Amino acid sequence: METSYNNFYRAFITVLMAFAITGPLHSLRAQTLFQGNVSETLGIDSFTVHYSIEPFQEFNMYGFPQEKLVKVRNGRFRLVLEDAPGLFYIRFSFPRAAYRKTGTSLRTVADSPILVRGNAPIDVTIDEQGIYMEGESKAMFDLQMDLYSLNYQLSASRAEIMGGYNGADMEDLEVAAMDMLSGTKALYDQAQGNAMAIAGPGYGNLPDSVRNRLLLDYLGDLRLRQLFDLKFRLQDSRVGRFVADFYVDSLLSEPGGEIIGTYKGNSPLFSNYLAAKIKLDLQMASYRVGRNIVFGMPVYLDLASRKFTGRAYDQVAFALYINGAMRQEILPRTYQKLLSTIGSEAYRKYLEGQRAIREEASRSYQFSFPDETGRLISNSDLKGKVVLMDFWFTGCGGCKNLHLAMEEVKEAFRDEPDIVFVSMNVDKSREAWLQSVRSGEYTDPGDVKLWIGKGKGGGIIDHYRVSSYPTMVLVGKDDNLVMVNPPDPRNPAKKKELIYLLREALKKGE
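Take 1 as the starting number for the sequence shown in full-length UniProt numbering and just add one per residue.
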């Protein structure tokens, strides 16, 4: 259960890692020297640095960042980060074995983007105790490490609460669920109080503006974890109604309201939390009254405009857009709403570019990929058919779940010759792909199974803006794009929507 929770959290955070930097420090760009030492006992000969240079990258540090492979030679490394802004976020990926040999701070910088100063050397030391930073970013780094260390305390306390809840008898389920919900809420509230105490005035002689931003970044991350926790529990049919009742009664008015009341949009992660909460507020309220209402982007933006103004609105609205664009097709009128209400020139420029890309991408990508026999399959082979593509890779848990959820959908069209389900695999190894095909965990015998190969299908991946897996793409009989990320059948209500959408696509070609 804990592994499922962690995987779900990672996916949730991947979709919700929405934040942005604006202002003079972000516009100043120069080369940043990234260098340091690695203890040879850790066995690290290379690692990856992920960093942001543009607002759209900052909105998803797990899907869109710049990446650099760092080579370690004789315990030393040196790398130049080109075009790094005056302030930017950085995240690290180390060999798995290294995390078992060092302190928790190494895991922290892998899981959480860290704000650092550009245009100045960044000196890093990695040893058995953890990771340390010197130079102009030292005080910022130390504060973020102190704040994120609270998460380990929270996780340990949460595990104790969950242990009691998981052992409860069914007849005591409601009492156990409410105790669990109130107990975990108290932990998040306590972590917020501890964070505010840690990041008090005078920490490391940091300017108040920087110190407050780092505090709000952490609180945004903290409250996102809380939202995820509740969203995860809502999916449990045994306790979903208790979760919705507790949320509406205790959390519909924002936690940390005193902070929200004075919030001016100076923290990317906190803006992202606010955007996520708008959506969960509506979901919980509809669940409580026994309805499964699907709200769209216009509703979210309307609520955001009622709650926030100025820079705060810009960041929350942009966060809603990034999250929505990864999950559903954005309609032209929504682009118009965003462009007419967002004041940030950087955000408007990005939105205008994305609108142009979507207009250009109205036709499907023209591809030619091999199937499991080696035969090349192209668009012309699927002419006149509705095509539902599924992009996946071996080891993707969500891809396996999607395959299972698609059984009912495929059964609904079993006797329909004008619809084709196409499996698009991005494994680096053809043998790994074939083995997964044979396992039956990702594909069905009736699927058209194609191998793109990692790094070989950039054209189609870029065309459809595939940034996470699984991703589905629906193409009509006329070879025009119908939708990227149609309704997800892993949600029972969305499964019915997908079947309806496929039937409508079939009618259009008649």
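By construction, the Cβ of each residue, glycine as well, lies at the ideal position given by its N, Cα and C atoms. Treat the numbers as computed from the prediction; the structure is a model and nothing was measured.
Are P298 and K337 touching if we call contact CB-CB under 8 Å? The residue you call residue 298 lines up with position 298 of the sequence shown. The residue you call residue 337 lines up with position 337 of the sequence shown. Going by C-beta atoms, P298 is nearer than 8 Å to K337.
Less than 8 Å between the CB atoms is what I'm expecting for M140 and V116, so what's the real figure, rounded? Start at 1 with the first residue of the sequence shown, and residue 140 comes out as number 140. Start at 1 with the first residue of the sequence shown, and residue 116 comes out as number 116. Right, the Cβ-Cβ distance comes to about 6 Å (below 8 Å), so this counts as a contact.
Quick one: Cα of I460 to Cα of V475, how far? Along the sequence shown, read from residue 1 onward, the residue named residue 460 stands at position 460. Along the sequence shown, read from residue 1 onward, the residue named residue 475 stands at position 475. Approximately 13 Å, taken between the alpha carbons.
If the criterion is Cβ atoms closer than 8 Å, does the pair D418 and L506 meet it? Position 418 of the sequence shown holds residue 418. Position 506 of the sequence shown holds residue 506. Cβ distance < 8 Å, so D418 and L506 count as in contact.
Please report how far the alpha carbon of S271 lies from the alpha carbon of A312, in whole angstroms. Taking the sequence shown and counting its residues from 1, one reaches residue 271 at position 271. Taking the sequence shown and counting its residues from 1, one reaches residue 312 at position 312. Each residue's Cα considered, the two are about 7 Å apart.
Alpha helix (DSSP H) segment containing L502, residue limits: Here residue 502 corresponds to residue number 502 of the sequence shown, with the count starting at 1. Segment P492 to K508, the alpha helix (DSSP H) holding L502.
Apart from the five residues on each side of it in sequence, which residues of its chain come closer than 6 Å, Cβ to Cβ, to H403? Residue 403 sits at position 403 when you count from the first residue of the sequence shown. So the qualifying residues of the chain are Y442.
Going along the chain, which residues of its own chain have a beta-carbon closer than 8 Å to the beta-carbon of R76, five neighbours each way excluded? Stepping through the sequence shown from its first residue, residue 76 is reached at position 76. Excluding sequence neighbours, R76 sits near Q35, G36, N37 and V38.
Applying the criterion that 16 or more other CB atoms from any shown protein chain within 10 Å of the CB defines a buried residue, is N292 buried or exposed? For the purposes of this step, residue 292 is taken as residue 292 along the sequence shown, with counting starting at 1. By the neighbour-count rule (16 or more Cβ atoms within 10 Å), N292 is not buried but exposed.
With DSSP collapsed to three states, give me the class of K449. Walking along the sequence shown from the start, residue 449 turns up at place 449. Look at K449 here: in three-state DSSP terms it is strand.
Exposure label - V109; buried when at least 16 CB within 10 Å: Counted from its first residue, the sequence shown places residue 109 at position 109. Its Cβ being crowded by 16 or more others within 10 Å, V109 is buried.
Mind checking whether L81 and Q31 have CB atoms under 8 Å apart? Residue mapping note: residue 81 aligns to position 81 of the sequence shown, counting from 1. Residue mapping note: residue 31 aligns to position 31 of the sequence shown, counting from 1. Yes, Cβ-Cβ distance for L81 and Q31 is below 8 Å.
Any idea what DSSP makes of F369, helix, strand or coil? Taking the sequence shown and counting its residues from 1, the one referred to as residue 369 is at position 369. In this structure, F369 counts as strand in the three-state DSSP scheme.
Contact defined as beta carbons within less than 8 Å: I believe V426 pairs with I452. What is the distance between those atoms, to the nearest angstrom? Numbered from its first residue, the sequence shown carries residue 426 at position 426. Numbered from its first residue, the sequence shown carries residue 452 at position 452. 5 Å between Cβ atoms; contact.
With DSSP collapsed to three states, give me the class of L351. Sequence index remark: in the sequence shown, residue 351 carries index 351 (1-based). The answer is helix: DSSP assigns L351 an H, G or I state.
Alpha carbon of V387 to alpha carbon of F413, nearest angstrom: In the sequence shown, counting from the first residue as 1, residue 387 sits at position 387. In the sequence shown, counting from the first residue as 1, residue 413 sits at position 413. Whole-angstrom Cα-Cα distance: 12 Å.
Could you pull the start and end residues of the beta strand (DSSP E) that Y132 belongs to? Translated into positions along the sequence shown, residue 132 becomes position 132. Residues G130 to E134.
Residues bridged to Q35 by DSSP? Here residue 35 refers to the residue found at position 35 when the sequence shown is read from its first residue. According to DSSP, which records beta bridges pairwise, Q35 is partnered with R78 and D123.
Taking just the CA atoms, how far does Y165 sit from N323? In the sequence shown, residue 323 corresponds to position 323, counting from 1. In the sequence shown, residue 165 corresponds to position 165, counting from 1. Distance between the alpha carbons of N323 and Y165: 32 Å.
Within 10 angstroms of its Cβ, does residue 524 collect 16 or more other Cβ (buried), or is it exposed? Given that the chain is displayed from residue 1 to residue 510, the structure contains no residue 524 and the question cannot be resolved.
Output the distance between the C-alpha atoms of T471 and V484, rounded to the nearest integer angstrom. On the sequence shown, residue 471 is found 471 positions in, with the first residue counted as 1. On the sequence shown, residue 484 is found 484 positions in, with the first residue counted as 1. Their Cα atoms are separated by approximately 8 Å.
Smallest Cα separation from M178: which of D245, V422 and K383? One-based indexing of the sequence shown puts residue 178 at position 178. For the residues D245, V422 and K383, the minimum Cα distance to M178 belongs to D245.
DSSP state of V175 mapped onto helix, strand, coil: On the sequence shown, residue 175 is found 175 positions in, with the first residue counted as 1. Here V175 carries a helix assignment [DSSP, helix/strand/coil].
For I114, three-class secondary structure by DSSP: On the sequence shown, residue 114 is found 114 positions in, with the first residue counted as 1. If DSSP states are grouped into helix, strand and coil, I114 belongs with the strands.
Between the CA atoms of E54 and T22 - distance to the nearest angstrom: Residue mapping note: residue 22 aligns to position 22 of the sequence shown, counting from 1. Residue mapping note: residue 54 aligns to position 54 of the sequence shown, counting from 1. Because the pLDDT at T22 is just 36, under 50, the model does not fix this residue reliably, and the point stays unresolved.
Would the segment 220–233 and the segment 179–188 be scored as touching if the rule is three or more Cβ pairs under 8 Å? yes
Return the residue from the list G135, F367, T394 and Q235 that minimises the CA-CA distance to L382. In the sequence shown, the residue the question calls residue 382 occupies position 382. Looking at the Cα atoms, F367 is the closest of the given residues.
Those runs of the beta strand (DSSP E) which lie wholly inside the segment 178–226 and span at least 3 residues: none
Run of the alpha helix (DSSP H) containing K307, from where it starts to where it stops: In the sequence shown, residue 307 corresponds to position 307, counting from 1. M297 to K307 is the extent of the alpha helix (DSSP H) around K307.
According to DSSP, is S155 helix, strand or coil? Counting from one through the sequence shown, the residue named residue 155 turns up at place 155. Three-state result, S155: helix.
Look up Q336 in the DSSP assignment and say whether it is helix, strand or coil. One-based indexing of the sequence shown puts residue 336 at position 336. Helix, per DSSP.
Nearest-angstrom Cα separation, counted from M162 out to Y247: Here residue 247 refers to the residue found at position 247 when the sequence shown is read from its first residue. Here residue 162 refers to the residue found at position 162 when the sequence shown is read from its first residue. Whole-angstrom Cα-Cα distance: 18 Å.
Report yes if the CB atom of S105 is closer than 8 Å to the CB atom of M133, and no otherwise. Within the sequence shown, the letter at position 105 stands for residue 105. Within the sequence shown, the letter at position 133 stands for residue 133. In this structure, M133 does not lie closer than 8 Å to S105 by Cβ.
Given R348, which residues of its chain have a CB within under 7 Å of its CB, disregarding the five upstream and five downstream residues? Counted from its first residue, the sequence shown places residue 348 at position 348. Closer than 7 Å at the Cβ level, and outside the excluded window around R348, lie L339 and I342.
Nearest to T394 (by Cα), restricted to the options A276, W433 and P95: Within the sequence shown, numbered from 1, the residue matching residue 394 stands at position 394. Looking at the Cα atoms, W433 is the closest of the given residues.
Tell me whether the beta-carbon of D249 lies closer than 8 Å to the beta-carbon of G204. For the purposes of this step, residue 249 is taken as the residue at position 249 of the sequence shown. For the purposes of this step, residue 204 is taken as the residue at position 204 of the sequence shown. Not closer than 8 Å, so no.
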